[in-house]
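The numbering of the sequence shown is the working numbering, which starts it at 38 and goes up by one.
Note that beta-carbon positions come from the ideal geometry of N, C-alpha and C, so glycine has one too.
Predicted model, so just to flag it, every value in this text is computed and none were measured.
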Amino acid sequence: MRPRCQQTPRWFVHPPTAYIDFSRQKLDPKIAVAAQKCYKVTNGAFTGEISPDMIKDLGATWVVLGHSERSGPCAIRGAWSDRLHGETLDEREAGITEKVVFEQTKVIADNVKDWNKVVLAYEPVWAIGTGKTATPKQAQEVHGKLRGWLKSNVSDAVAQSTRIIYGGSVTGATCKELASQPDMDGFLVGDASLKPEFVDIINAKQ
């Protein structure tokens, strides 16, 4: 079994900005609260955006970055968690999934100083909110290659300890087989987190 970074919480909740403070007050301290977006780390007139300092003031200590459903600049340097989204359907069908994912990972790696505070999430764009899920084989293939990239381009220790989680229409019906893959360290759950089947997803890795 690969070592898991001791600084990385096992559970995260990513509420809308308006509910960060409420979530932090209600949740057990062992569950980390994360923002869904972060703007630039520099101060300035970015009306309507949320900065790292604002996020910390609200009680969150992590943030999802690079989500394909979000547009505009996001901050990698100085943030607490980096999110990697995957390829579009056209890119997968063109056979360039690996190229797309590695290019995204390099941008993250070039800006990360402390890998103990990073969780990577692979989420193929074609599986976001569509009900389509990558097959366990497809997900494992990307996770395995991503871990191999970290080993070759960062270090073996980082490759072994960094959590790589999968997102993309994970459900109670698909979670167990996905969780059985050797490089699957957890899930980034969307709609299913609001349904009773979320319990099955939580327990899938046990």
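Legend entry - Whole-angstrom distance between Thr211 and Lys188, CA atom to CA atom: If I take the Cα positions, the gap works out to 29 angstroms.
Legend entry - Span separating the alpha-carbon of Pro219 from that of Thr45: The alpha-carbon of Pro219 is positioned some 19 angstroms away from that of Thr45.
Inset, instruction - Taking the CB atoms as reference points, tell me whether Lys202 and Ala158 lie closer together than 8 angstroms. - result: A small correction: the amino acid at residue 202 is Ile; Lys does not occupy that position in the sequence shown. Closer than 8 angstroms, so yes.
Legend entry - Stretch-stretch touch, CB-based, cutoff 8 angstroms, three pairs: the region 79 to 97 with the region 45 to 63: The region 79 to 97 vs the region 45 to 63: in contact.
Inset, instruction - Below 8 angstroms CB to CB, which residues in the same chain sit around Lys213 once its five sequence neighbours on both sides are set aside? - result: Contacts found: Asp237, Ala241.
Inset, instruction - Please state if the CB of Ile165 and the CB of Gly132 are separated by a distance shorter than 8 angstroms. - result: Not in contact: Gly132 and Ile165 (Cβ atoms no closer than 8 angstroms).
Legend entry - Inter-residue spacing [alpha-carbon to alpha-carbon] between Gly85 and Lys143: CA-to-CA, the gap between Gly85 and Lys143 works out to about 29 angstroms.
Inset, instruction - Taking only the alpha-carbon atoms, compute the straight-line gap between Val179 and Val195 and give it to the nearest angstrom. - result: Taken atom to atom, the span from the alpha-carbon of Val179 to that of Val195 is near 17 angstroms.
Inset, instruction - Starting from the Cα of Glu140, find the closest Cα among Glu124, Ile57, Thr54 and give me that residue. - result: Checked all of Glu124, Ile57, Thr54; the closest Cα to Glu140 is Glu124.
Legend entry - Start-end ranges of the beta strand (DSSP E) lying completely within the region 49 to 87, minimum 3 residues: The region 49 to 87 contains these whole beta strand (DSSP E) runs: 68 to 72.
Legend entry - Option nearest Asp228 by Cα separation, candidates Ile57, Lys67, Thr167, Lys154: Asp228 has its Cα closest to that of Thr167, out of Ile57, Lys67, Thr167, Lys154.
Inset, instruction - Could you tell me which of Ala55, Val101, Thr208 sits nearest to Lys154, measuring between CA atoms? - result: Checking every option, the nearest Cα to that of Lys154 belongs to Val101.
Inset, instruction - Going by CA-CA distance only, name the one from Arg47, Asp222, Trp186 that's closest to Val137. - result: Closest in alpha carbon position to Val137, among Arg47, Asp222, Trp186, is Trp186.
Legend entry - Distance between Met91 and Glu135 (C-alpha atoms, nearest Å): Looking at the two C-alpha atoms, the distance is approximately 35 angstroms.
Inset, instruction - Would you decide whether Gln243 is buried or exposed? Buried here means 16 or more other CB atoms lie within 10 Å of its CB. - result: An exposed status is given to Gln243, since fewer than 16 other beta-carbon atoms sit within 10 Å of its beta-carbon.
Inset, instruction - Could you check what DSSP says for Glu128 in three-state terms: helix, strand or coil? - result: In the three-state scheme derived from DSSP, where H, G and I count as helix and E and B as strand, Glu128 is classed as helix.
Inset, instruction - Identify every residue that forms a DSSP beta bridge with Val156. - result: DSSP, once it has assigned bridges, lists Arg200 as partnering Val156.
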